[in-house]
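Q:
Number of protein chains: 4
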Amino acid sequence: MVAKAKTEGLAQIRRSRTRRVLPAEVRVGDLMSAAAALFIAKGIEATTVNDIVERAGVGKGTFYHYFETKEDVIVALRERFSRDFTAEVAQAVASCPTDDHRARFAAWLRGTVEAYIANYKLHDVVFHEFRPGNRNVKDKEIVLAQLGELLAAGEAAGAWKLPDARTAAIVIFDGMHGVVDDAIAGDQREAEPICRRLSELFSRMLSG
Amino acid sequence: MVAKAKTEGLAQIRRSRTRRVLPAEVRVGDLMSAAAALFIAKGIEATTVNDIVERAGVGKGTFYHYFETKEDVIVALRERFSRDFTAEVAQAVASCPTDDHRARFAAWLRGTVEAYIANYKLHDVVFHEFRPGNRNVKDKEIVLAQLGELLAAGEAAGAWKLPDARTAAIVIFDGMHGVVDDAIAGDQREAEPICRRLSELFSRMLSG
Amino acid sequence: MVAKAKTEGLAQIRRSRTRRVLPAEVRVGDLMSAAAALFIAKGIEATTVNDIVERAGVGKGTFYHYFETKEDVIVALRERFSRDFTAEVAQAVASCPTDDHRARFAAWLRGTVEAYIANYKLHDVVFHEFRPGNRNVKDKEIVLAQLGELLAAGEAAGAWKLPDARTAAIVIFDGMHGVVDDAIAGDQREAEPICRRLSELFSRMLSG
Amino acid sequence: MVAKAKTEGLAQIRRSRTRRVLPAEVRVGDLMSAAAALFIAKGIEATTVNDIVERAGVGKGTFYHYFETKEDVIVALRERFSRDFTAEVAQAVASCPTDDHRARFAAWLRGTVEAYIANYKLHDVVFHEFRPGNRNVKDKEIVLAQLGELLAAGEAAGAWKLPDARTAAIVIFDGMHGVVDDAIAGDQREAEPICRRLSELFSRMLSG
DNA sequence: AATGAATGAGTATTCATTCAT
DNA sequence: AATGAATGAATACTCATTCAT
C-alpha cells in the first residue's frame, strides 16, 4: 500500500515514538535553527513547514504551538540576528578607550565586517528574501542608530566633522555592505584587507 | 523614464474576440508593461499570469509563446530596466565637456538619483522580490562599470585620486542607493537636496 | 470478487462539513474504490483527482496525504487487483484434492475465467490504459508463477508432460485472456462455455 | 529579449527559410515516420504535435493539412503496420505448396514471430497505448481472419482437427504474442528457438 | 500548399493552517 | 503540551487546434 510505505518512512526519520516534553526555550531554539539551516540551503519559499518540523524532529502541531505563522519564524530569526549582531559590535567598540573616537570607529568597522562575513548567508536570506511592511526598516534603524551615536560622539569631541550624520551613516553602512558582498562574490573572505580599503575611504569622508 | 509602457492604450481598447497578429516586439512589450504595472501594484507573488494576460489583452497561451515561465518576465524586466537606466545616465554624463570630470561626476550622480527616484518602485519589485542567483550581480556590474570608467578617467586626468577604484564605486553606488531609499521612506522625493548631501561626502572621498 | 468497494456507502453518507479522522486503511480503501469506479466509468484520463475526492467524500489534500500522484492510485489498484485475483484462484484450486492434478487445473481455469469475467473492466482500465514500464510485467509474473507451479506439480506427478513449462503457462494464460475478451466483445459472459472450449484445447496441449 | 532567443533557436533547427513544395505522399510519410520514432522514444502522450513537426522539418500548419487530429496519425500508423504485417506473413505462407498445410502453418508462425520481433516497439506503442472505440479490434480481426482461413483449410483437407477454429486462432495468436514478449523481455531476440517451442505446443493442439 | 502566431480550456499539485485526539 | 490527519484555496503551465498571412 502506498500510504503505509509513506507513513513508515516518516516514522523511520522521527527519532522516537514517545512524546518528549522539553522546555519551551529548547523547542523554539530547535525550530529556529532548523528553519535557518533550511532557509539558507533552499531559500525561504522553497522551505515548507513540513521540512522544518521534520528537521527539528517534532510534530507539525508543535510548530504552531510556538509560532503563529511561518513568517513568524523569519521575524524571530531577524530579531535574533540583529540582537546578536549589534551586541557583538557593541562589545568590540566598548573595548576601546571612550575618548579614542578614531579607534572606536575602526573597531566598529572591523566588528561589523567580521560579523557580516560570518553570517552573510543567514543575513541575505532573512533580510533580502522577505520584506514585510516596514519591520526590516526598523531592524536597520537599530544598526544605524548605533553607528550614528558613534559618529555624533566623535563629532562632539572634535574628532571629525560631518555635514549630515545620517547621510554619512547610511553611506558607510550600505557601502560597507556592498563591498563585503563584492568580496564574498570574489571568494575573498578575510576581514583585514576589506577593512583597510574601507578605512581609507571612510577616513577621507570623516576628515573632510 | 525607465521601462514605462510605450504601447499601452491600444491593449486596453483591444477587447474584441478577434485574433490579431502583431509584431513580436509589440507583443513582448505589451506583456512586459502589463507585468511591470501589476508587479508594482500588487507585488510579484500576488500577480498571476492570468492577471498579466488579461491586462495585456491577449490569451494565456500567448504569454507562454513569448516567455517560458513567469520568472522570465522578471528577468526581461530587469534587463530592460538596467539598459534604460544606464542609457539615461550615460546621456546625462555625455552632455558635459569631456574634460570636466567633476562636472561629469556630478551629472552621473544627478542622473542616477533622478532615475532611481523615478523608478524605485519597479526597481524594488524587480530586484528585491526575486532572487535568481547571480544575474542581478551581472546587472549591477553594468552599472558599476559605467561609474568605474568615469572614476578612472578622472583619476587619469588628475581630477582626483583613489586608492581603490572598485571599492569607491561600490561605496558610492550603494551609499547613494541607501540614501535615496531613506529619503523616499521619509517621503522626500526631490533629487536636489539628496544630491547636495551626497556630493559633499563623495567629493571628500575623491579629494582625499 | 476482486477489488470491489467494501467500505462504500459510508462515504456517500458523509457529506457533512466536519472533519472526521479515520484509520488510514479505511481512507485509502475509500479513495481506491472511488477511483476504481470512476476509472471504469469514464476512463483514467477523463477522471480528475477532484472527481475522486468528491466521490470519496474527502478533501483534496487528503488524497495527496495518501498518494503522491494520481498514478500512484493506479499502481495501488493494480497491486490490489493482482493480490485479490491470485488469492481467489488459489482458493478455488485449494478446494481440490492435492493429487488430482487434472481437477486442479480445471479449477484454476474456471477460477481464472470467472474472476476475469467479473472484473475485466477494472482490469482493462488499470492494466491497459496506463504504462509504468515494467511493473505490469511484475504483476503478470505473480500470476504466471501460480500457474507454473501447478503445471510443474502435475508434470512431476506424471499427470502430463510438457516440453517447456513457461511457454505453456504463457500460452495458456494469454490464450485464455484473448478468448475471454473475445467472448465479452460478443456479449457472451458465461464462464461455462468458454471453459469448455479452452479445456479441450489445453488438455490436448498437456496430453501431448 | 526572451522571445527573440526562442524564435531564433527554432529557426536554427529548421533547415531552410523557403517553403518547399513536396509531393503529398512524401510529406505524409515524413510526418508518420517522425511520429513513429517519437512515439517509440517518448510514448504517445508525451509526444506533442510540435515535436512531430519539428522532427519532420515542417510547419505546424502542415501537420493539420494532412491529418485532422493527432489521433489520426496513430490510426494511420496502425493501418500501415497491419497492412505490412499481414502482407509479409501472407508472402511467407504463399511460398509453401498449397496442399502442405503443416508447412503453411509453420510458415505462418515463423513469419509472424519474425515480423513481430522486428517491429514490437512500434506495435506496443501503437496498439497498447491507445485504444479508440473498437478499431484495434478490427485490426486484430484481419490478422485472425488470415490465421482462421489457414486453419480452416487444413481442417478441410484433414491435416488436423479442431473443435473450435476461432478459439484456437485466438489462443495461437495471443499465446504467440505473449511468448515473444517474454522472450524480448529476457533479451532473447531470435525467432528460431521461440518458434520451436511454440510449434511443439501448437502441433499438439492441432493434432488433438 | 505552407506557415507559425495566437488561443484558452483544462488539471494536477502544493502547503500553510486547523483541530480532533 | 504534543501530534499528524485533514483540509481546500490558489495557480502555473500544457498543447491540440485554428486561422490570418
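Protein chains in written order, with my numbering: chain A, 276 to 483; chain B, 276 to 483; chain C, 276 to 483; chain D, 276 to 483. Even glycine gets a Cβ: it sits at the ideal position worked out from N, Cα and C.
#1: Compare the beta carbon distance of E354(C) and A390(C) with 8 Å and say whether it is the shorter of the two.
#2: If you measure between the beta carbons of V388(D) and I327(D), is that distance less than 8 Å?
#3: Since M480(D) meets chain C, which of its residues come closer than 7 Å, beta carbon to beta carbon?
#4: How should T322(B) be labelled, buried or exposed, when 16 other C-beta atoms within 10 angstroms of its C-beta is the threshold for buried?
#5: Leaving out the 5 sequence neighbours to the left and right, which residues in its chain are closer than 8 Å to D374(D) when beta-carbon positions are compared?
#6: For a contact meaning CB atoms closer than 7 Å, what does D439(B) contact in chain A?
#7: I'd like the span of the alpha helix (DSSP H) that includes Q366(B), first residue to last.
#8: I'd like to know if D375(A) contacts chain B, where contact means its C-beta is closer than 8 Å to some C-beta of that chain.
#9: Quick check: the stretch 298 to 311 of chain A against the stretch 327 to 338 of chain A, are there 3 or more CB pairs under 8 Å?
#10: Can you pull the chain A residues whose beta carbon is under 8 Å from the beta carbon of I315(B), in chain order?
#11: Do you know how far the Cα of D439(A) is from the Cα of A444(B)?
#12: Of the residues that make up the stretch 427 to 460 of chain C, which ones have a beta carbon closer than 9 Å to any beta carbon in chain D?
#13: Does the pairing of the stretch 421 to 430 of chain A with the stretch 420 to 436 of chain B give three or more beta-carbon distances under 8 Å?
#14: With DSSP run on the structure shown, which of helix, strand or coil describes L476(A)?
#15: DSSP three-state label for R289(A), please.
#16: I'd like to know if H403(B) contacts chain A, where contact means its C-beta is closer than 8 Å to some C-beta of that chain.
#17: Going along the stretch 410 to 426 of chain A in order, which residues come within less than 8 Å of chain B, judged by CB to CB distance?
#18: Whose C-alpha, out of K436(B), R441(B), T344(B), is nearest the C-alpha of E416(B)?
#19: Should D359(A) be labelled buried (16 or more other beta-carbon atoms within 10 Å of its own) or exposed?
#20: Indicate, with yes or no, if the ligand ADP has a heavy atom lying under 7 Å from the CB of F342(C).
#21: I want to know whether the stretch 448 to 456 of chain B touches the stretch 450 to 458 of chain A - three or more CB-CB distances under 8 Å.
#22: Looking only at C-alpha atoms, which of A351(A), H398(A), R472(A) sits nearest to A316(A)?
#23: Tell me whether G318(D) is buried or exposed, calling it buried when 16 or more other Cβ atoms sit within 10 Å of its Cβ.
#24: So, for F380(A): in the same chain, excluding its five sequence neighbours on each side, which residues have a beta-carbon less than 8 Å away from its beta-carbon?
#25: Given that a residue counts as buried once 16 or more other Cβ atoms are within 10 Å of its Cβ, and exposed if not, what is T344(A)?
#26: Please determine, among E329(C), S357(C), A312(C), the residue with the shortest C-alpha to C-alpha distance to K413(C).
#27: If V348(C) and M307(C) are in contact, beta carbons under 8 Å, what's the gap, nearest whole angstrom?
#28: In chain order, what residues of the same chain have a beta carbon less than 8 Å from the beta carbon of A382(C), not counting five sequence neighbours either side?
#29: Would you tell me roughly how many angstroms separate the C-alpha atoms of A310(B) and F338(D), rounded to the nearest one?
#30: Return helix, strand or coil for F342(C), following the three-state DSSP convention.
#31: Quick one, are the C-beta atoms of A484(C) and R385(C) less than 8 Å apart?
#32: Can you check whether the C-beta of V277(B) is within less than 8 Å of a C-beta belonging to chain A?
A: For this structure:
#1: Position 79 of the third sequence, counted from the first residue, corresponds to residue 354(C). Position 115 of the third sequence, counted from the first residue, corresponds to residue 390(C). Result no, Cβ atoms of E354(C) and A390(C) do not sit closer than 8 Å.
#2: Here the question's residue 388(D) lines up with position 113 in the fourth sequence. Here the question's residue 327(D) lines up with position 52 in the fourth sequence. No, they are not a contact pair.
#3: In the fourth sequence, counting from the first residue as 1, residue 480(D) sits at position 205. What M480(D) touches in chain C: L476, R479, M480.
#4: For the purposes of this step, residue 322(B) is identified with residue 47 of the second sequence, where counting begins at 1. It is buried - the Cβ of T322(B) has at least 16 other Cβ atoms within 10 Å.
#5: The sequence position of residue 374(D) within the fourth sequence is 99, counting from 1. Around D374(D): A432.
#6: Position 164 of the second sequence, counted from the first residue, corresponds to residue 439(B). Result: R472.
#7: Mapped onto the second sequence, residue 366(B) falls at position 91. 345 to 369 is the span of the alpha helix (DSSP H), which, as asked, contains Q366(B).
#8: Locating residue 375(A) in the first sequence gives position 100, where the first residue counts as 1. With 8 Å as the cut-off, D375(A) does not count as an interface residue toward chain B.
#9: yes
#10: Numbered from its first residue, the second sequence carries residue 315(B) at position 40. Those within 8 Å of I315(B) in chain A number zero; the least Cβ separation is about 14 Å.
#11: Here residue 444(B) corresponds to residue number 169 of the second sequence, with the count starting at 1. Here residue 439(A) corresponds to residue number 164 of the first sequence, with the count starting at 1. Each residue's alpha carbon lies about 21 Å from the other.
#12: L437, P438, D439, R441, T442, A443, I445, V446, I447, F448, D449, G450, M451, H452, G453, V454, D456, D457, A460
#13: no
#14: If you number the first sequence from 1, residue 476(A) lands on position 201. Three-state result, L476(A): helix.
#15: Locating residue 289(A) in the first sequence gives position 14, where the first residue counts as 1. Low confidence applies here, because R289(A) scores a pLDDT of 40, under 50, leaving its location unreliable; read the following figure in that light. Residue state, collapsed to three classes: coil.
#16: Position 128 of the second sequence holds residue 403(B). So, interface residue.
#17: V412
#18: Residue mapping note: residue 416(B) aligns to position 141 of the second sequence, counting from 1. Among K436(B), R441(B), T344(B), the Cα nearest to that of E416(B) belongs to R441(B).
#19: On the first sequence, position 84 is the one that residue 359(A) refers to. It is exposed - the Cβ of D359(A) has fewer than 16 other Cβ atoms within 10 Å.
#20: This structure lacks the ligand ADP; in fact it carries no ligand of any kind.
#21: yes
#22: Against the first sequence, residue 316(A) aligns to sequence position 41. Checking every option, the nearest Cα to that of A316(A) belongs to H398(A).
#23: The count along the fourth sequence starts at 1 and reaches residue 318(D) at position 43. The residue is exposed, with fewer than 16 neighbouring Cβ atoms inside 10 Å.
#24: Position 105 of the first sequence, counting from 1, holds the residue named residue 380(A). Taken in chain order, the residues that qualify are L425, L426, G429, F477, L481.
#25: Numbered from 1 along the first sequence, position 69 holds the residue referred to as residue 344(A). So T344(A) counts as exposed.
#26: Along the third sequence, one-based indexing puts residue 413(C) at 138. It is S357(C).
#27: Counting from one through the third sequence, the residue named residue 348(C) turns up at place 73. Counting from one through the third sequence, the residue named residue 307(C) turns up at place 32. So it is a contact: roughly 6 Å between Cβ atoms.
#28: The residue given as residue 382(C) occupies position 107 in the third sequence. Closer than 8 Å at Cβ, skipping near neighbours: A367, V368, S370, C371.
#29: Position 35 of the second sequence, counting from 1, holds the residue named residue 310(B). Position 63 of the fourth sequence, counting from 1, holds the residue named residue 338(D). In a straight line, the C-alpha of A310(B) is about 34 Å away from that of F338(D).
#30: For the purposes of this step, residue 342(C) is taken as the residue at position 67 of the third sequence. Reduced to three states, the DSSP call for F342(C) is coil.
#31: Here chain C comprises residues numbered 276 to 483, so residue 484(C) is not present and cannot be evaluated.
#32: Residue numbering aside, residue 277(B) sits at position 2 when the second sequence is read from its first letter. With a pLDDT of 34 at V277(B), under the threshold of 50, the modelled position of that residue is not reliable, and no figure is offered here.
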